[in-house]
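Below is one structure; the comments refer to it alone.
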Amino acid sequence: MKRSTIILLLSAATSLSLNCAEPSAFGAGDLSSDSPYGLTPDEKVILETKKKLKKVDLSTKTHASQLDSLRERIDGLQDIIEALSRKSHNNKIALKELQNKDKLDDENSNEYQKRLSEVVQQDSQSIKTLQEQVLEISKLVDQINANYVSKKEFNDLVADINNFKDLVAKELKSGSKKSSAKTKKVSSADLYNSAKQNFDKKYYTKAIEQYTELIARKYKPAYSHYMIGEMYYKRKDYAKAISYFKKSSELYAKASYMPTLMLHTAISMDKTGDKGHAHSFYKAIIKKYPSSSEAKKAKKLLN
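If you count by mature numbering (1 follows the signal peptide of the UniProt record, and there is no 0), then the sequence shown holds residues -20 to -1, 1 to 283, one letter each, in order.
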């Protein structure tokens, strides 16, 4: 969902009536948002990776700009050095020629030689100083190059990350297929009952596997998402709980378990530090289900 959609849905939460849509703290998991919340561990990894790639891209552009600027400075200094070298060379020739001439009187000749010698020394010192500056800039260029990520390297990094994501997706699909193979001979109704029994016994790992299979079969997917969310909630894996509650609400927003789903979503947000959205949700529960036990709990938590 886009950020504007999240804002509109959150506004709906604060002005909730009996016939309106559920408040959308269910914008959870939206990586395109400026301030994503309710992220699963995998979504957090993806978000951090996106941030790092953005920094690398910015750093790459900055380094490229710095290198261009330094190269221009080196070229300019080298031009000055060449000009001074030519001038110094000409002065040295003139000084040597003057020393060999006997036409000028000694006093004038000595004075001129002295001035010319000073100019030659100054030029030599200027050349030395400029050469030192070029050396320092060259070292800086080498340092930037050592840490510089080229466009090709950056593209290769992006490709590696995308390949890794594809590999993870394939592994997840492979695991899902293996799970399906074990349970495909069981009818959906029997699998549904078995999942509920395992949930009641707190065999959450097995129950999650069974509800996931039911989702794949499209058998009561809204309820199955809700139940998986409940199990992650009980395990205190609040980010995953929010993502499953969100999907359940999207599939069927008028379910009888909606007050519990909304309350546990709000508490999960509270636990993950998202106080603002949690409070909006508490208020929505109180307004939509005023006589429910969930509303009473929401009032206590809100206060």
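Backbone N, C-alpha and C fix where the C-beta goes; we use that ideal spot for every residue, glycine too. Since this is a predicted model, take the numbers as computed values, not measurements.
Cα-Cα separation between residue i and residue j, rounded to whole angstroms
i       : j      : result
Thr29   : Lys35  : 10 angstroms
Asp180  : Tyr262 : 27 angstroms
Ile222  : Ala235 : 17 angstroms
His257  : Gln123 : 47 angstroms
Met249  : Ile208 : 17 angstroms
Ala1    : Asp48  : Only weak support exists for where Ala1 lies, its pLDDT of 42 falling under 50; the coordinates are left without a value.
Lys51   : Glu62  : At residue 51 the sequence reads Arg, which differs from the Lys that was named. Taking the straight line from one Cα to the other gives about 16 angstroms.
Leu171  : Lys41  : 55 angstroms
Lys200  : Arg215 : 23 angstroms
Ile195  : Val166 : 14 angstroms
Ser31   : Leu120 : The displayed chain sequence assigns Lys, not Ser, to residue 31. In a straight line, the C-alpha of Lys31 is about 27 angstroms away from that of Leu120.
Gln268  : Glu274 : Note that residue 268 is Lys in the sequence shown, not Gln. If you take the alpha carbons of Lys268 and Glu274, they lie about 11 angstroms apart.
Lys276  : Pro270 : 8 angstroms
Asn71   : Ser97  : 8 angstroms
Thr(-7) : Thr192 : Reliability of the predicted coordinates at Thr(-7) is poor, the pLDDT of 38 falling under 50, and the value obtained from them is presented with this limitation in mind. Distance between the alpha carbons of Thr(-7) and Thr192 is about 33 angstroms.
Leu(-5) : Lys220 : Confidence is the limiting factor: at Leu(-5) the pLDDT is only 35, short of 50, which leaves the residue's position unreliable, though a coordinate-based value still follows. Distance between the alpha carbons of Leu(-5) and Lys220 is about 25 angstroms.
Gln101  : Ile73  : 14 angstroms
Glu112  : Ser118 : 10 angstroms
Arg66   : Gln105 : 14 angstroms
Ala233  : Ser272 : 17 angstroms
Ser116  : Glu91  : Here the sequence assigns Glu to residue 116, which means Ser is not the residue at that position. Near 38 angstroms, if we compare the C-alpha coordinates of Glu91 and Glu116.
Integer Cβ distance of residue i from residue j, believed to fall under 8 angstroms
i      : j      : result
His205 : Lys227 : 5 angstroms
Ile107 : Ser68  : 7 angstroms
Leu57  : Asp103 : Contact flag wrong, Cβ pair sits at about 15 angstroms.
Ser168 : Arg197 : 5 angstroms
Thr185 : Tyr218 : With 8 angstroms as the limit, Thr185 and Tyr218 do not qualify as a contact, their Cβ atoms being about 18 angstroms apart.
Leu282 : His259 : 6 angstroms
Ala175 : Gln190 : 4 angstroms
Test item: CB-CB of residue i and residue j under 8 angstroms
i      : j      : result
Lys279 : Ile266 : yes
Ala187 : Asn178 : yes
Met242 : Ala264 : yes
Ile26  : Val114 : no
Option nearest residue i by Cα separation, candidates the options
i      : options                       : result
Tyr213 : Ile195, Tyr199, Glu98, Lys182 : Lys182
Thr240 : Phe225, Lys251, Tyr184        : Phe225
Lys94  : Ser271, Lys277, Lys76         : Lys76
Leu33  : Ser97, Asn142, Tyr269         : Asn142
Ile247 : Leu231, Glu210, Lys268        : Glu210
Asp59  : Lys31, Lys165, Leu110         : Leu110
The ligand SAH heavy atom lying under 7 angstroms from the CB of residue i
i      : result
His244 : In the structure shown, the ligand SAH is absent, as is every other ligand, since no ligand is present at all.
- alpha helix (DSSP H) runs wholly inside the segment 171 to 250, at least 4 long, in chain order: 184 to 196, 201 to 214, 218 to 231
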